[in-house]
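S.K.:
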Amino acid sequence: MPQPELIASILEQADQFTTDEQKICPRCRQTAVTRSEAPDERGAWSVNTCGHCCFGWRSTEDAMRVLEIAKGVTYRLWDSEIERLPMPVPLSATAV
Amino acid sequence: MNHTVNDRCVDFSVLAIVFSNPASVLAGRELCGRSRKLEVKLPKRGTGVMTTELAYSGPEVRTVPRDLRELLEQLRAKSRVLNIERAVLPEPDVASFCRAASELGDTTILFDNITGYKGKRLLVNLLASWANCALMSGLPSDLPIRELVDELCSRADRQPREPVLIDVGNAPSYECLDTSDVDLYRSLPLFRVNEHDGGFYLHKACVVSEDLVAGARHDRMKFGMYSLQVQGRDRLGVHLSGTDNLSLHVRIAEKPHRRLPVAVCLGVPPLAALVASAAIGYEATEYNLISALYQHPFELTRCVMSKLSVPAYAEYVLEGYIEPGLRCLAGPFTCNGGGLSEIKRQPQIVVTGIAHRRDPILDNTYVGKFWAEHDCLIGIAGTLRLHKQAKDSLPEIARSGTRAEGVHLRLGLCGGRWDEKRSVAGMSFQDGLPAENCLSAYKQEIGEAQRRQAQCRSQS
Numbered sequence: 009m010p011q012p013e014l015i016a017s018i019l020e021q022a023d024q025f026t027t028d029e030q031k032i033c034p035r036c037r038q039t040a041v042t043r044s045e046a047p048d049e050r051g052a053w054s055v056n057t058c059g060h061c062c063f064g065w066r067s068t069e070d071a072m073r074v075l076e077i078a079k080g081v082t083y084r085l086w087d088s089e090i091e092r093l094p095m096p097v098p099l100s101a102t103a104v
Numbered sequence: 088m089n090h091t092v093n094d095r096c097v098d099f100s101v102l103a104i105v106f107s108n109p110a111s112v113l114a115g116r117e118l119c120g121r122s123r124k125l126e127v128k129l130p131k132r133g134t135g136v137m138t139t140e141l142a143y144s145g146p147e148v149r150t151v152p153r154d155l156r157e158l159l160e161q162l163r164a165k166s167r168v169l170n171i172e173r174a175v176l177p178e179p180d181v182a183s184f185c186r187a188a189s190e191l192g193d194t195t196i197l198f199d200n201i202t203g204y205k206g207k208r209l210l211v212n213l214l215a216s217w218a219n220c221a222l223m224s225g226l227p228s229d230l231p232i233r234e235l236v237d238e239l240c241s242r243a244d245r246q247p248r249e250p251v252l253i254d255v256g257n258a259p260s261y262e263c264l265d266t267s268d269v270d271l272y273r274s275l276p277l278f279r280v281n282e283h284d285g286g287f288y289l290h291k292a293c294v295v296s297e298d299l300v301a302g303a304r305h306d307r308m309k310f311g312m313y314s315l316q317v318q319g320r321d322r323l324g325v326h327l328s329g330t331d332n333l334s335l336h337v338r339i340a341e342k343p344h345r346r347l348p349v350a351v352c353l354g355v356p357p358l359a360a361l362v363a364s365a366a367i368g369y370e371a372t373e374y375n376l377i378s379a380l381y382q383h384p385f386e387l388t389r390c391v392m393s394k395l396s397v398p399a400y401a402e403y404v405l406e407g408y409i410e411p412g413l414r415c416l417a418g419p420f421t422c423n424g425g426g427l428s429e430i431k432r433q434p435q436i437v438v439t440g441i442a443h444r445r446d447p448i449l450d451n452t453y454v455g456k457f458w459a460e461h462d463c464l465i466g467i468a469g470t471l472r473l474h475k476q477a478k479d480s481l482p483e484i485a486r487s488g489t490r491a492e493g494v495h496l497r498l499g500l501c502g503g504r505w506d507e508k509r510s511v512a513g514m515s516f517q518d519g520l521p522a523e524n525c526l527s528a529y530k531q532e533i534g535e536a537q538r539r540q541a542q543c544r545s546q547s
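Which chain is which? The protein sequence lines are P and X, in order.
Sequential numbering of the first sequence, starting at 9, is according to our numbering.
Sequential numbering of the second sequence, starting at 88, is according to our numbering.
#1: Buried or exposed: which applies to residue 421 (chain X), given that a residue is buried once 16 or more other Cβ atoms fall within 10 Å of its Cβ?
#2: Nearest CA to the CA of residue 471 (chain X): which residue from X:178, X:238, X:212 and X:161?
#3: Taking the DSSP output, what are the residues bridged to residue 312 (chain X)?
#4: For the pair the segment 458–466 of chain X and the segment 430–448 of chain X, tell me if three or more CB-CB distances fall below 8 Å.
#5: Taking beta-carbon pairs under 7 Å, can you tell me which members of the segment 411–424 of chain X lie near chain P?
#6: Any C-beta of chain X sitting closer than 8 Å to the C-beta of residue 34 (chain P)?
#7: Work out the CA separation of residue 195 (chain X) and residue 467 (chain X) for me, nearest whole Å.
#8: Please classify residue 309 (chain X) as buried or exposed, where buried requires at least 16 other C-beta atoms within 10 Å of its C-beta.
#9: Cβ-heavy atom distance between residue 392 (chain X) and the ligand MN below 7 Å?
#10: Flag this pair as touching only if the segment 427–442 of chain X and the segment 403–419 of chain X have three or more C-beta atom pairs under 8 Å; answer yes or no.
#11: Does residue 66 (chain P) come within less than 8 Å of chain X when only Cβ atoms are used?
#12: To the nearest whole angstrom, what separates the beta carbons of residue 362 (chain X) and residue 380 (chain X), a pair I think is in contact under 8 Å?
#13: Since residue 398 (chain X) is in the beta strand (DSSP E), which residue starts that stretch and which ends it?
#14: Just to confirm, is the Cβ distance from residue 353 (chain X) to residue 317 (chain X) under 8 Å?
#15: Would you call the segment 387–402 of chain X and the segment 283–291 of chain X in contact, with 3 or more CB pairs under 8 Å?
#16: In this structure, how does DSSP classify residue 53 (chain P) when only helix, strand and coil are distinguished?
#17: Out of curiosity, what's the CA-to-CA distance linking residue 33 (chain P) and residue 42 (chain P)?
#18: With a threshold of 8 Å between beta carbons, is residue 396 (chain X) in contact with chain P?
#19: Are the CB atoms of residue 326 (chain X) and residue 297 (chain X) nearer to each other than 8 Å?
#20: Between the alpha carbons of residue 259 (chain X) and residue 403 (chain X), how many angstroms are there, rounded?
#21: Tell me whether the beta-carbon of residue 307 (chain X) lies closer than 8 Å to the beta-carbon of residue 97 (chain P).
#22: Evaluate residue 244 (chain X) with the Cβ neighbour count: other Cβ atoms within 10 Å of its Cβ, from every protein chain shown; 16 or more gives buried, anything less gives exposed.
#23: Would residue 278 (chain X) and residue 181 (chain X) qualify as a contact pair, given that the criterion is a beta-carbon distance under 8 Å?
#24: Comparing alpha-carbon positions, which option in P:68, P:60, P:65 and P:74 lies nearest residue 89 (chain P)?
#25: What separation, rounded to the nearest whole angstrom, lies between the Cα atoms of residue 501 (chain X) and residue 51 (chain P)?
#26: Within its chain, find whatever has a CB closer than 6 Å to the CB of residue 312 (chain X); leave out the 5 residues flanking it on each side and keep chain order.
#27: With 16 as the cutoff for other CB atoms within 10 Å, does residue 86 (chain P) come out buried or exposed?
#28: Using a 10 Å radius around the Cβ and a threshold of 16 neighbouring Cβ atoms, would you call residue 138 (chain X) buried or exposed?
#29: Which full runs of the beta strand (DSSP E) of 3+ residues lie inside the segment 347–385 of chain X, going along the chain?
#30: Three or more C-beta pairs closer than 8 Å, one from the segment 245–255 of chain X and one from the segment 374–391 of chain X: is that the case here?
#31: For residue 153 (chain X), return the contacting residues in chain P, with the cut-off set at a CB-CB distance below 8 Å.
#32: Give the DSSP-derived three-state secondary structure of residue 106 (chain P) in the structure shown.
#33: Cα separation between residue 124 (chain X) and residue 242 (chain X)?
#34: Run the CB neighbour count on residue 48 (chain P), radius 10 Å, all protein chains shown included, and call it buried at 16 or more, exposed below.
#35: So, is residue 564 (chain X) buried or exposed, given that buried needs 16 or more other C-beta atoms within 10 angstroms?
#36: What first and last residue would you give for the beta strand (DSSP E) that runs through residue 443 (chain X)?
Encoded structure:
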């Protein structure tokens with residue numbers, strides 16, 4: 009359970025996170041990442057979202073750790089895999 | 088026509104339970120001293136809060152909380168809400184609190200001070216206990232589960248009630264409206280519910296959609312609970328199964344390549360959340376059932392950007408549409424029970440406006456391996472659905488008063504999830520809890536089972 013000092017140190021580490029790294033999605037390695045800042049306390053955190061695979065992560069967390077456990081399933085998402093992913097509501101011919 | 092039979096059924100339900108379950112007579116603790124018949128007084132309408140009073144023939148008079156805030160007040164009065172006032176990070180603090188609360192029991196937590204979300208409040212695990220579920224129904228918190236479900240089934244059986252539509256200017260849901268600068272990350276106190284979720288999920292989102300062919304009639308609108316993934320400032324991925332009502336509406340709208348208007352309601356009145364999670368069928372009307380459970384007309388209001396009707400007392404209403412022919416990746420997320428879902432190509436909601444109450448409270452929940460709100464919701468809602476299906480297909484069910492037995496059937500079907508200790512043992516460990524914790528839970532259960540067995544042996 010982080011104490012205020014620990015929170016401060018996590019936020020400090022987040023500041024050191026280079027912006028270049030956050031422009032690349034850790035899951036699909038695409039660069040279509042958009043960034044949204046916290047509504048207050050500017051710099052507290054930002055949220056990054058990949059426009060390609062929709063993976064989202066906050067700057068204060070380790071995105072690679074989020075992907076770590078499901079290694080082989082979600083750690084690296086290739087474009088060829090995306091095409092094979094299930095689509096529960098199929099597209100109708102007129103909708104395409 | 089049915090309600091005549093059902094009214095009789097209510098009167099005879101005590102006898103029915105007694106005859107169908109002699110053990111309850113022997114136990115003598117659930118039925119003695121309390122009549123099952125309810126007298127419903129007229130709802131109080133006036134300048135203050137409107138409530139429906141349910142007068143038990145027992146000493147206590149209970150009220151059905153009209154919205155989430157009223158229930159929260161009741162829970163506060165009973166010290167059933169844990170208020171976290173110190174600064175917490177969205178990750179990992181909030182998620183860890185949720186998991187700990189679920190692991191330890193059924194604690195409801197209200198976060199007041201989430202770093203980066205000043206002034207925003209987050210409520211989790213609201214209905215994670217039977218006591219809270221009883222309170223949301225206006226019943227005593229110590230009511231046994233079977234009586235709680237029996238009472239809700241009785242209410243559902245009575246005369247259907249129509250909801251009422253109130254002007255959007257008077258609807259608390261629309262006290263504040265933002266259509267110009269939509270940013271879900273800034274508006275909602277989001278957190279990663281489980282460590283390996285593919286994003287930030289809203290697991291108690293109630294989505295209102297309509298059949299575009301049938302038109303905007305509230306009795307043709309569907310109100311269902313879905314897991315939504317925030318996928319951008321104004322984007323929500325919706326987790327559909329392909330057989331649910333929203334999937335059907337998406338298909339209908341996509342045939343002529345039309346946008347499907349939807350409204351995402353967050354922090355809805357608790358009984359509305361229960362009905363939304365029930366999946367009562369395409370022909371049934373959720374709003375009528377909510378009115379029946381409340382025993383007064385459920386208050387709706389009309390969206391400002393579509394003709395959809397939404398609960399007037401929701402904390403947030405996100406208006407938007409589903410773009411036809413668009414599928415985006417959604418997932419994975421940790422499901423009820425602890426397994427990780429697949430990544431799927433799902434429709435995406437484009438949010439065009441955010442309406443909310445003043446000082447809104449986001450109602451979200453932990454979903455994972457431990458006992459969670461969805462276990463309670465699915466349990467009660469499933470029994471409501473089971474009761475309805477059984478009554479529709481077997482008319483004698485209505486006369487035999489087997490509702491309480493239906494609960495046991497449902498409990499039996501759900502197996503281990505209905506016992507907290509078993510739920511620990513029966514989970515799948517995909518989200519990386521330390522092995523020692525898992526082992527100790529198993530050891531504890533085995534030890535308890537051995538003790539129980541020894542007790543039975545010594546008694547016999």
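We put the CB at the ideal spot given by N, CA and C, even for glycine.
Note that this is a predicted model, so its numbers are computed, not measured.
M.R.: To lay it out plainly:
#1: In the second sequence, counting from the first residue as 1, residue 421 (chain X) sits at position 334. Here residue 421 (chain X) is buried. Its C-beta has 16 or more other C-beta atoms within 10 Å.
#2: Counting from 1 along the second sequence, the entry for residue 471 (chain X) is found at position 384. It is X:238 whose Cα lies nearest to the Cα of residue 471 (chain X).
#3: Residue mapping note: residue 312 (chain X) aligns to position 225 of the second sequence, counting from 1. According to DSSP, which records beta bridges pairwise, residue 312 (chain X) is partnered with X:293.
#4: Segments in contact, no.
#5: 411, 412, 414, 415, 416, 417 and 419
#6: Here the question's residue 34 (chain P) lines up with position 26 in the first sequence. Cβ-Cβ to chain X under 8 Å: no for residue 34 (chain P).
#7: Stepping through the second sequence from its first residue, residue 467 (chain X) is reached at position 380. Stepping through the second sequence from its first residue, residue 195 (chain X) is reached at position 108. Roughly 18 Å between the two C-alpha positions.
#8: The residue you call residue 309 (chain X) lines up with position 222 of the second sequence. The residue in question, residue 309 (chain X), is buried, as its Cβ has 16 or more Cβ neighbours within 10 Å.
#9: No copy of the ligand MN occurs in the structure displayed, which carries no ligand at all.
#10: Between the segment 427–442 of chain X and the segment 403–419 of chain X there are three or more C-beta pairs closer than 8 Å, enough to call the two in contact.
#11: Locating residue 66 (chain P) in the first sequence gives position 58, counting from the first residue. Cβ-Cβ to chain X under 8 Å: yes for residue 66 (chain P).
#12: Taking the first residue of the second sequence as position 1, residue 362 (chain X) is located at position 275. Taking the first residue of the second sequence as position 1, residue 380 (chain X) is located at position 293. 7 Å between Cβ atoms; contact.
#13: Indexing the second sequence from 1 puts residue 398 (chain X) at position 311. Going by DSSP, residue 398 (chain X) is part of the beta strand (DSSP E) stretching over 396–398.
#14: Locating residue 353 (chain X) in the second sequence gives position 266, counting from the first residue. Locating residue 317 (chain X) in the second sequence gives position 230, counting from the first residue. Cβ distance not < 8 Å, so residue 353 (chain X) and residue 317 (chain X) don't count as in contact.
#15: no
#16: Position 45 of the first sequence, counted from the start, is the residue given in the question as residue 53 (chain P). Residue state, collapsed to three classes: coil.
#17: What you label residue 33 (chain P) is simply residue 25 of the first sequence in a count that begins at 1. What you label residue 42 (chain P) is simply residue 34 of the first sequence in a count that begins at 1. Approximately 10 Å between the Cα atoms of the pair.
#18: Residue 396 (chain X) sits at position 309 when you count from the first residue of the second sequence. Not one chain P Cβ lies under 8 Å of residue 396 (chain X).
#19: Residue 326 (chain X) sits at position 239 when you count from the first residue of the second sequence. Residue 297 (chain X) sits at position 210 when you count from the first residue of the second sequence. In this structure, residue 297 (chain X) does not lie closer than 8 Å to residue 326 (chain X) by Cβ.
#20: Here residue 259 (chain X) is taken as the residue at index 172 of the second sequence, counted from 1. Here residue 403 (chain X) is taken as the residue at index 316 of the second sequence, counted from 1. So the alpha carbons of these two residues sit roughly 10 Å apart.
#21: Here residue 307 (chain X) refers to the residue found at position 220 when the second sequence is read from its first residue. Here residue 97 (chain P) refers to the residue found at position 89 when the first sequence is read from its first residue. In this structure, residue 97 (chain P) does not lie closer than 8 Å to residue 307 (chain X) by Cβ.
#22: The residue labelled residue 244 (chain X) in the question sits at position 157 within the second sequence. When all chains shown are included, residue 244 (chain X) counts as buried.
#23: By one-based count along the second sequence, residue 278 (chain X) stands at place 191. By one-based count along the second sequence, residue 181 (chain X) stands at place 94. The criterion of a C-beta distance shorter than 8 Å is satisfied by residue 278 (chain X) and residue 181 (chain X).
#24: In the first sequence, counting from the first residue as 1, residue 89 (chain P) sits at position 81. The residue with the shortest Cα to Cα distance from residue 89 (chain P) is P:60.
#25: As a working mapping, residue 501 (chain X) is identified with position 414 in the second sequence. As a working mapping, residue 51 (chain P) is identified with position 43 in the first sequence. In this prediction, residue 501 (chain X) scores a pLDDT of 42, lower than 50, which makes its location untrustworthy; the coordinate-derived value is nonetheless stated afterwards. Between residue 501 (chain X) and residue 51 (chain P), the C-alpha separation is close to 46 Å.
#26: One-based indexing of the second sequence puts residue 312 (chain X) at position 225. Within its own chain, the residues whose Cβ lies closer than 6 Å to the Cβ of residue 312 (chain X), once the five positions on either side in sequence are excluded, are 293, 363 and 364, listed in chain order.
#27: Residue numbering aside, residue 86 (chain P) sits at position 78 when the first sequence is read from its first letter. Residue 86 (chain P) comes out exposed.
#28: The residue given as residue 138 (chain X) occupies position 51 in the second sequence. Residue placement at residue 138 (chain X) is flagged as unreliable, the pLDDT there being 34, under the threshold of 50; the coordinate-derived value follows with that caveat. In the assembly as shown, residue 138 (chain X) is a buried residue. Its beta-carbon has 16 or more other beta-carbons within 10 Å.
#29: 347–353
#30: yes
#31: Position 66 of the second sequence holds residue 153 (chain X). None at all; the shortest Cβ gap to chain P is about 29 Å.
#32: The structure shown has nothing for residue 106 (chain P), since chain P only spans 9 to 104.
#33: Here residue 124 (chain X) refers to the residue found at position 37 of the second sequence. Here residue 242 (chain X) refers to the residue found at position 155 of the second sequence. Because the pLDDT of residue 124 (chain X) is 35, which lies under 50, any placement of that residue in the model is unreliable, and the number read from its coordinates should be weighed accordingly. Approximately 11 Å between the Cα atoms of the pair.
#34: Looking up residue 48 (chain P) in the first sequence gives position 40. It is exposed - the Cβ of residue 48 (chain P) has fewer than 16 other Cβ atoms within 10 Å.
#35: Residue 564 (chain X) is absent from the structure shown; chain X starts at 88 and stops at 547.
#36: The count along the second sequence starts at 1 and reaches residue 443 (chain X) at position 356. From DSSP, the beta strand (DSSP E) with residue 443 (chain X) extends over 435–443.
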